[in-house]
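Counting from 1, one number per residue, gives the positions in the sequence shown under full-length UniProt numbering.
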Amino acid sequence: MAPLSLQLAVLYAALGAALAAAALILISLVAFVTARDMPPLHRHEGERFFLDARGRKEALPSLGDPPSKRLSVVVPSYNEEKRLPVMMDEALGYLEERQRRDPTFTYEVIVVDDGSKDQTSKVAFKYCQTHGSDKVRVVTLVKNRGKGGAVKMGVFSSRGERILMADADGATRFADVEKLEKGLEGLRPWPDRMAIACGSRAHLQEESIAQRSYFRTLLMYGFHFLVWFLCVRGVRDTQCGFKLLTREAASRTFSSLHVERWAFDVELLYIAQRLRIPIAEVAVAWTEVEGSKLVPFWSWLQMGKDLLLIRLRYVTGAWRLAPAGKAE
1 MAPLSLQLAV LYAALGAALA AAALILISLV AFVTARDMPP LHRHEGERFF
51 LDARGRKEAL PSLGDPPSKR LSVVVPSYNE EKRLPVMMDE ALGYLEERQR
101 RDPTFTYEVI VVDDGSKDQT SKVAFKYCQT HGSDKVRVVT LVKNRGKGGA
151 VKMGVFSSRG ERILMADADG ATRFADVEKL EKGLEGLRPW PDRMAIACGS
201 RAHLQEESIA QRSYFRTLLM YGFHFLVWFL CVRGVRDTQC GFKLLTREAA
251 SRTFSSLHVE RWAFDVELLY IAQRLRIPIA EVAVAWTEVE GSKLVPFWSW
301 LQMGKDLLLI RLRYVTGAWR LAPAGKAE
């Protein structure tokens, strides 16, 4: 007969396994019950229009329409009146110069004001007045949706064959869009004309770690592990806000997107991998810019929770991929 200590050890191990299984079942049940259905792109009446350079209302286009521009740039912005001008000056300077070199190149920049409390929309609208509403459009959301919700609204209002997500802080060198374009081309042939190129800061990681506190470095590694373990593999930097998608890839992925806050990038790439959309990760030049909206501990905690829920809700069937052809 086994010693009492061994019997107790086996009993505790079995009890621990049972409790862990029960906890997983409970968490999965909660994830399933609290999951929302496929989120429709609900626009308030004022979000169906943009203002032209003279202040007249015009209806926004749909992602389901045929493309009429080579490139759409979607810039989610929340309280960015101070940082946005630097980014817009750099982006428009590059885009205008590229158009001068290649008259066949056409573009639009869509600034999505995510319910800002400052003068973000007014600052952005000045660029519309300077460059015209065919090149710069401002979409002002009635209430704050979160970065993912703002990007989604901009994407579904885009006219480009390719759609670039770019942060309002201008942390990524805008000219590196050409690197993303080369990354896309390297993925050909594209299945169903779908491909994604992600800007990456992974090559800068050692330098940035040296400048971070131990606690923030620990949070970063923990987040990266959860991303790899639960959702996305093969992409080292899921959170860089510089991503280029073909119009077809944007339509398929954003039609299925549920997360509207910071972890939306992870769900976007998770959806892409489930759809077998090829993804290129491309190193880009990136500079730390003051004024981040992320609160280190609580933002990482929220994203960690979102990662777990993304995985569980797709595994349990609470969330499903949108059928092909559903653009809005």
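Built from N, CA and C at the ideal position, the CB exists for glycine as well.
**Extent of the continuous beta strand (DSSP E) run through S72** = 69 to 77
**Asked** What is the C-beta distance between F156 and S72, in whole angstroms, given that I count them as a contact (C-beta under 8 Å)?
**Response** So it is not a contact: roughly 11 Å between Cβ atoms.
**Item:** For L269 and V232, believed in contact at Cβ under 8 Å, the rounded distance
**Value:** 5 Å
**Prompt:** How many Å lie between A263 and Q99 at the Cα?
**Reply:** 34 Å
**Candidates F105, G148, E90, R173: closest to E267 by CA position** = G148
**Prompt:** At least one CB of chain D closer than 9 Å to the CB of V151: is that the case?
**Reply:** Among the protein chains of the structure shown there is no chain D, as only one such chain exists.
**Item:** Residue range of the beta strand (DSSP E) that includes residue 330
**Value:** As shown, the chain starts at 1 and ends at 328. That puts residue 330 outside it, with no answer to give.
**Prompt:** Comparing alpha-carbon positions, which option in S133, Y221, V259, F50 lies nearest residue 332?
**Reply:** This structure cannot settle anything about residue 332, because the visible part of the chain is limited to 1 through 328.
**Opening and closing residue of the alpha helix (DSSP H) in which K152 lies** = 147 to 155
**Request:** Compare the beta carbon distance of R193 and A124 with 9 Å and say whether it is the shorter of the two.
**Result:** no
**Message:** Assuming I196 is part of the beta strand (DSSP E), what are its boundary residues?
**Reply:** 196 to 200
**CB-CB length for F229 against W300, believed under 8 Å** = Actually they are not in contact, since the Cβ atoms of F229 and W300 sit about 15 Å apart, beyond 8 Å.
**Message:** For R83, tell me which candidate among A166, G199, L244 has the shortest Cα-Cα distance.
**Reply:** A166
**Prompt:** Can you tell me whether DSSP reads F242 as helix, strand or coil?
**Reply:** coil
**Message:** For I209 and E58, what's the separation of their Cα atoms in angstroms?
**Reply:** Low local confidence applies: a pLDDT of 46 at I209 is under 50, so the model's placement there is unreliable, and no value is given.
**Message:** Quick check on the DSSP output: what are the complete beta strand (DSSP E) runs of length 3 or more inside the stretch 258 to 322, in order along the chain?
**Reply:** 279 to 283
**Asked** Whose C-alpha, out of E90, M153, R201, is nearest the C-alpha of Y127?
**Response** E90
**Request:** Taking all protein chains shown into account, decide if E45 is buried (16 or more other Cβ within 10 angstroms of its Cβ) or exposed.
**Result:** exposed
**Request:** Report buried or exposed for Y107, applying the criterion of at least 16 other Cβ atoms within 10 angstroms of its Cβ.
**Result:** buried
**Request:** Report the residue from I279, R247, T316 whose alpha carbon sits nearest the alpha carbon of S68.
**Result:** R247
**Request:** With a threshold of 16 other CB atoms inside 10 Å of the CB of A324, please say whether the residue is buried or exposed.
**Result:** exposed
**DSSP state of K135 mapped onto helix, strand, coil** = coil
**Item:** Distance between beta carbons of V142 and V111, contact taken as under 8 Å
**Value:** With 8 Å as the limit, V111 and V142 do not qualify as a contact, their Cβ atoms being about 16 Å apart.
**Asked** What residues match up with M165 in a beta bridge as DSSP calls it?
**Response** V74, K243
**Asked** Are the CB atoms of C198 and E281 nearer to each other than 9 Å?
**Response** yes
**Prompt:** Is the beta carbon of S256 less than 9 Å from the beta carbon of L321?
**Reply:** yes
**Prompt:** Leaving out the 5 sequence neighbours to the left and right, which residues in its chain are closer than 7 Å to D118 when beta-carbon positions are compared?
**Reply:** N79, E81
**Prompt:** Considering only residues of the same chain and omitting the five flanking positions on each side of R159, which have a CB-CB separation below 8 Å?
**Reply:** P61, D65, P67, S68, K69, S72, E108
**Request:** In the DSSP assignment, find the alpha helix (DSSP H) that holds E47 and state where it starts and stops.
**Result:** Unbroken run through E47: none, as it is neither H nor E.
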